[in-house]
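Enquirer: Residue numbers (this note's numbering): 98 to 346.
Next up is a structure, given as structure tokens.
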Amino acid sequence: MCTVSFLPTSINPESGEDLKAGGFILTSNRDEQAGRRRAMFPRRYWLSGCTVFFPKDGQAGGTWIATDEHRYTLCLLNGAFEAHHHCPPYRHSRGQVIPDFFSYDNEIDFSLHYPFDKLEPFTLVVVEYDPLLTLIELRWDGSQLHRTLLDATQPYLWSSATLYPKTIRQKREGWFSEWVNRQQQFSQEAIVQFHRQTGDGDPENDLLMRRPNGIQTVSITSVERNDQAHRVYYHDMLTHTNTTFRILS
């Protein structure tokens, strides 16, 4: 898995003003084996003294996306820079990384002290919004952590390196750039439709993907934050059911 987009919604893209507002939309397509035990819909969990909302993987018990009430939203993709060889045993599932994150004081503490060794490569997108909107990309390549501070006034798209080669990732980024340039303003409904409909007719590499080996887009999760609330949208593509709820800021 998966495909992830980030959209800043409270920032003047030319001046970079209003960083304190921290408005954004983070949306994820989860690409997974359709036969994997179905994930549980998002709900509230209490982790290390923090209230966190996330869907839970039905097989390994972790998650790929989560948001707390006041400071962080995170999303994890399998793989770092390029496809890697699967070499178990690993210490635990990558799905445990996000729940573990909330046992640390902040992202810096996590990046410096989390035991990344013996974990399969992954990319972790970290959105921080207290006091300023900050976007951090953490890539664990199996031997080294690469930390990049991104420009939170700009939109981004990531595609899993384990599923999509570089040429396909670049094509998808082109679709995203074209879509962004057509928008007068960003909305959660519009970006969810982008995640559902975008492609060129190739079911193996369109954003809503399906492959003969059973891997397909099994869910779409979107977290929108403004200064009043979070709005979390979750759609299970296998059962065609969805839920939306608000978390007051």
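Every residue, glycine too, gets a C-beta built ideally from N, C-alpha and C.
Keep in mind the model is a prediction, meaning the values are calculated, not measured.
1) Taking Gln313 as the reference, give the member of Thr340, Phe291, Tyr330, Leu260 with the closest Cα.
2) What three-state label does DSSP hand Glu301 in the structure shown?
3) Helix, strand or coil, according to DSSP, for Asn278 in the structure here?
4) With a 10 Å radius around its C-beta and 16 neighbouring C-beta atoms as the bar for buried, classify Lys215 as buried or exposed.
5) Count the other C-beta atoms from every protein chain shown that fall within 10 angstroms of the C-beta of Pro336, then say buried if there are 16 or more, exposed otherwise.
6) Taking the alpha-carbon positions, what's the Tyr330 to Ile317 distance?
7) I need the straight-line Cα distance from Arg293 to Gly239, nearest angstrom please.
8) Leaving out five residues on either side along the sequence, give the residues of the same chain with a beta carbon under 7 Å from the beta carbon of Phe207.
9) State yes or no: is the beta carbon of Gly159 nearer than 7 Å to at least one beta carbon in chain D?
10) Could you check the C-alpha separation between Pro262 and Glu179 for me, to the nearest Å?
11) What are the start and end residues of the beta strand (DSSP E) that includes Ala287?
12) Please report how far the alpha carbon of Arg135 lies from the alpha carbon of Asp248, in whole angstroms.
13) When you compare only the Cα positions, how much space is there between Thr160 and Gln281?
14) So is Pro185 buried or exposed if we call it buried at 16+ other beta carbons inside 10 Å?
15) Note down, in chain order, each residue of its chain lying with its Cβ closer than 6 Å to the Cβ of Ala163, except the 5 sequence neighbours on either side.
16) Would Leu175 and Ser257 be called neighbours here (beta carbons separated by less than 7 Å)?
17) Go through its chain and collect everything with a Cβ distance to Ser284's Cβ below 7 Å, but skip five positions before and after it.
18) Check each candidate in Gly192, Thr264, Ala131 and name the one with the smallest Cα separation from Gly158.
19) Taking Tyr142 as the reference, which of Asp333, Met334, Glu166 has the closest Cα?
Expert: This is what the structure gives:
1) Nearest C-alpha to Gln313 among Thr340, Phe291, Tyr330, Leu260: Leu260.
2) Glu301: coil per DSSP, three-state reduction.
3) The answer is helix: DSSP assigns Asn278 an H, G or I state.
4) By the 10 Å Cβ count, Lys215 comes out exposed.
5) The question names Pro, but residue 336 in the sequence shown is Thr. Burial call: exposed.
6) Linking Tyr330 to Ile317 through their CA atoms gives a straight-line distance of about 8 Å.
7) Straight-line spacing of the CA atoms in Arg293 and Gly239 works out to 32 Å.
8) Same-chain partners within the cutoff: Phe198, Tyr201.
9) Among the chains of the structure shown, chain D does not appear; only one protein chain is present.
10) Distance from the CA of Pro262 to the CA of Glu179, rounded to the nearest whole angstrom, comes to 7 Å.
11) Ala287 -> not in any beta strand (DSSP E); alpha helix (DSSP H) instead, spanning 285-294.
12) CA-to-CA, the gap between Arg135 and Asp248 works out to about 35 Å.
13) Going by C-alpha positions, Thr160 is about 33 Å away from Gln281.
14) Taking a 10 Å sphere around the C-beta of Pro185, we find fewer than 16 other C-beta atoms and assign the residue as exposed.
15) So the list reads Val149, Phe151, Leu171, Ile195, once near-sequence residues are dropped.
16) The residue you asked about is not Leu; residue 175 is Asn in the sequence shown. Cβ distance < 7 Å, so Asn175 and Ser257 count as in contact.
17) Nothing listed; no residue qualifies.
18) Comparing C-alpha distances from Gly158 to each of Gly192, Thr264, Ala131 shows the shortest one belongs to Gly192.
19) Cα-wise, what sits closest to Tyr142 is Glu166.
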